[in-house]
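In UniProt numbering, the protein residues as written are 1 to 669.
Cβ coordinates follow ideal geometry from the N, Cα and C atoms, glycine included.
1) Locate the beta strand (DSSP E) running through residue 586, then write down its first and last residues.
2) Could you give the distance in angstroms between the alpha-carbon of residue 479 and the alpha-carbon of residue 472?
3) If you draw a straight line from the C-alpha of residue 236 to the C-alpha of residue 149, how long is it?
4) According to the Cβ coordinates, are residue 524 and residue 593 closer than 8 Å?
5) Under 8 Å, do residue 425 and residue 348 count as touching if we go by C-beta distance?
6) Three or more beta-carbon pairs under 8 Å between the segment 43 to 50 and the segment 18 to 25, yes or no?
7) Can you check whether the CB of residue 228 is closer than 8 Å to the CB of residue 190?
8) By a C-beta neighbour count over all protein chains shown, 10 Å radius and 16 as the cutoff for buried, is residue 11 buried or exposed?
9) In three-state DSSP terms, what is residue 213?
10) For a test of the three-state rule: what should DSSP assign to residue 44, helix, strand or coil?
11) Just grab the DSSP bridge partners of residue 38 for me.
12) Report the three-state DSSP secondary structure of residue 691 (helix, strand or coil).
13) CA-CA distance, residue 188 and residue 591?
14) Using the beta-carbon count (16 or more within 10 Å), is residue 312 buried or exposed?
15) For residue 78, which of 31, 54 and 65 has the nearest alpha-carbon?
16) Please report the distance separating the alpha-carbon of residue 82 from that of residue 142.
17) Taking only the alpha-carbon atoms, compute the straight-line gap between residue 98 and residue 248 and give it to the nearest angstrom.
18) For a test of the three-state rule: what should DSSP assign to residue 524, helix, strand or coil?
19) In the DSSP assignment, find the alpha helix (DSSP H) that holds residue 199 and state where it starts and stops.
20) Is the beta carbon of residue 652 less than 8 Å from the beta carbon of residue 633?
21) Hey, how far is the Cα of residue 584 from the Cα of residue 535?
22) Can you confirm whether the segment 597 to 611 touches the segment 569 to 581 when touching is taken to mean that 3 or more C-beta pairs between the two stretches lie within less than 8 Å?
23) Look at residue 361 and residue 463 and say whether their C-beta atoms are less than 8 Å apart.
24) For residue 163, which residues in the same chain have their Cβ closer than 8 Å to its Cβ, ignoring the five residues on either side in sequence?
25) With a threshold of 6 Å on Cβ separation, who are the neighbours of residue 308 within its own chain once the five nearest residues in sequence on each side are excluded?
26) Check whether the Cβ atoms of residue 631 and residue 656 lie closer than 8 Å to each other.
27) According to DSSP, simplified to helix, strand and coil, what is residue 416?
28) Return the first residue and the last residue of the beta strand (DSSP E) that residue 675 is part of.
29) Can you list, in chain order, the residues of its chain with a C-beta nearer than 6 Å to that of residue 386? Leave out the 5 residues immediately preceding and following it.
30) For residue 650 and residue 616, what's the separation of their Cα atoms in angstroms?
31) Applying the 10 Å Cβ sphere with the 16-neighbour rule, what's the burial state of residue 257?
32) How long is the line joining the alpha carbons of residue 450 and residue 440, rounded to whole angstroms?
33) Tell whether a beta-carbon distance below 8 Å holds between residue 695 and residue 310.
34) Thinking C-alpha only, which one of 358, 477 and 582 is nearest residue 395?
35) To which residues of the same chain is residue 430 closer than 8 Å at the C-beta, ignoring the five residues directly before and after it?
36) Assuming contact is defined by CB atoms lying nearer than 8 Å, are residue 16 and residue 86 in contact in what I supplied?
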């Protein structure tokens with residue numbers, strides 16, 4: 001009986017979760033990232049968030065629009081698998097109402113980051129595993145343990161070990177486009193099996209074995225039907241086209257033939273669109289990019305190489321990096337060393353430095369885990385886990401790494417760096433410079449060092465996990481003053497000074513005493529979270545060891561009853577109760593202090609928001625044209641900066657907009 005209870009742990013957790021989220025019928029999509037179970041909720045009113053966060057195995061919750069994120073920890077994938085079983089076996093007994101939901105407005109930045117996360121987060125494990133495998137193969141190739149295929153070494157001639165490592169290391173990154181297409185279709189609520197079908201078609205191995213089918217050419221541009229194996233853009237667009245066309249066909253196609261012809265037509269529309277429309281457009285863009293690269297390579301004083309290094313990772317995002325890299329690799333020889341190919345890996349390694357800075361500065365354990373985990377792959381030249389999992393969603397680290405790459409590439413190229421042969425990636429790119437002698441190798445590491453230093457320092461200095469309350473209040477005040485000036489150009493000097501003085505009261509609200517309160521409360525909160533993480537880690541470790549004892553008992557269930565009972569008893573008796581009790585005692589002491597400080601902190605927030613609302617109302621009385629209701633969201637986010645950073649509350653959408661300028665009209669006298 002005990003054994004059965006343990007085995008059904010995740011099902012029992014779902015029994016507690018599902019009623020509190022409104023049941024299976026109240027969400028239409030679910031997936032997991034590293035530590036979170038994410039559900040797209042239909043009716044947020046049915047979710048009992050307070051009761052959910054009190055469950056011992058849920059470490060917190062976050063709302064992102066209609067997406068509910070439950071912070072579970074490293075075993076979230078097991079809970080998600082259990083939820084898959086529940087949903088697959090669920091027979092819907094009533095028609096779910098399709099009432100149109102009012103979705104709050106989001107900024108373009110929030111929409112972009114949300115879409116990137118929704119599509120890319122589910123494939124991070126693939127990128128991480130593939131990156132490490134490619135790094136391992138690079139080491140084995142350099143040591144001579146395995147051989148890498150190339151122009152003089154066809155795949156057919158490889159020994160079995162070399163072929164095995166080539167296959168398992170290349171398939172993830174080489175065909176990552178397929179997974180991107182599947183993830184895009186899933187994110188949009190489409191049929192993921194059909195998403196795989198579309199992705200496989202446009203990444204077709206049948207087309208990768210040839211250079212493509214030329215349709216026609218204009219000037220120097222060849223228009224081809226070609227495979228898109230690991231390009232981001234074609235697969236995202238293919239997924240979007242498939243879902244949109246599938247939904248459109250569903251509206252008018254008779255149900256009698258729907259099951260046969262809807263998948264056929266939706267597939268045909270999406271694939272043909274990519275091959276015959278997007279493909280030629282990409283051909284134009286790629287040709288222009290190649291012309292730009294040639295121009296960059298001829299630019300003097302290392303400036304072209306610096307620009308190229310700066311733009312390399314943004315090029316990776318578009319998927320056009322292969323079109324640029326291929327001719328560079330083909331033309332790099334000891335007789336004709338290539339500067340651009342020489343600085344390419346400097347740009348790759350710079351992203352690792354920015355990720356390291358994020359990992360060091362981050363207080364969120366989930367961010368630390370993702371950032372530190374992505375760095376090893378980055379050191380071997382695989383930046384996808386770093387870009388999509390760490391740097392790009394935060395924007396600043398990605399930009400900082402690109403700037404660092406530009407500086408490192410500029411200095412290295414100016415000093416004479418050039419690649420002499422095609423070689424490894426990441427740190428193993430040193431093989432590209434061996435033919436140039438020790439000086440060339442030294443120049444490579446100098447360029448990497450400069451790029452690393454610039455990327456790390458820029459990220460460490462300017463990136464913040466959270467902005468201070470004072471900074472955010474000033475930002476909201478500036479926005480409000482800008483609005484007042486734009487809406488009423490005839491505002492008197494006295495009125496303008498009066499409004500500014502009122503807004504200064506909000507900045508002065510954060511007295512030295514209040515700043516100390518915020519600092520102490522954050523310190524207390526961090527201590528509490530560290531102990532909670534430590535306690536949960538012990539519980540997970542305890543269950544892992546119990547699971548091992550249970551597996552051992554399984555082996556002897558029929559063979560040896562004595563050993564079966566021995567291991568079963570071990571699983572029942574093993575625990576970390578004493579250690580957990582000690583941690584809980586520390587948590588209890590901190591909670592007493594936390595409760596007192598949190599009361600003061602919440603009271604301070606309430607007083608600030610009351611003051612802000614009174615000031616806004618007072619300003620509105622001076623001019624009936626002022627509509628300032630939405631600015632309160634900005635002040636709410638400012639004073640809740642700490643809670644938002646620790647995922648204790650959700651950031652409110654920025655709905656306050658400046659009036660659009662009317663062109664051709666002068667200010668009235």
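The structure says:
1) No beta strand (DSSP E) holds residue 586; the alpha helix (DSSP H) holding it covers 577 to 622.
2) 11 Å
3) 30 Å
4) yes
5) yes
6) yes
7) no
8) exposed
9) strand
10) helix
11) 31 and 69
12) Coverage of the chain is limited to positions 1 through 669, which leaves residue 691 absent and any answer about it impossible.
13) 42 Å
14) buried
15) 31
16) 43 Å
17) For residue 98, the predicted model reports a pLDDT of 38, less than 50, meaning its position is unreliable; a value from the coordinates is still stated below. The alpha-carbon atoms of residue 98 and residue 248 are separated by roughly 17 Å.
18) helix
19) 192 to 202
20) yes
21) 8 Å
22) no
23) yes
24) 155
25) 296 and 340
26) yes
27) coil
28) Since the displayed the chain opens at 1 and closes at 669, residue 675 lies outside it and no answer follows.
29) 351, 355, 374 and 378
30) 23 Å
31) exposed
32) 15 Å
33) With the chain represented from 1 up to 669, any question about residue 695 goes unanswered, as that position is not in the structure.
34) 358
35) 423, 424, 441, 444 and 445
36) no
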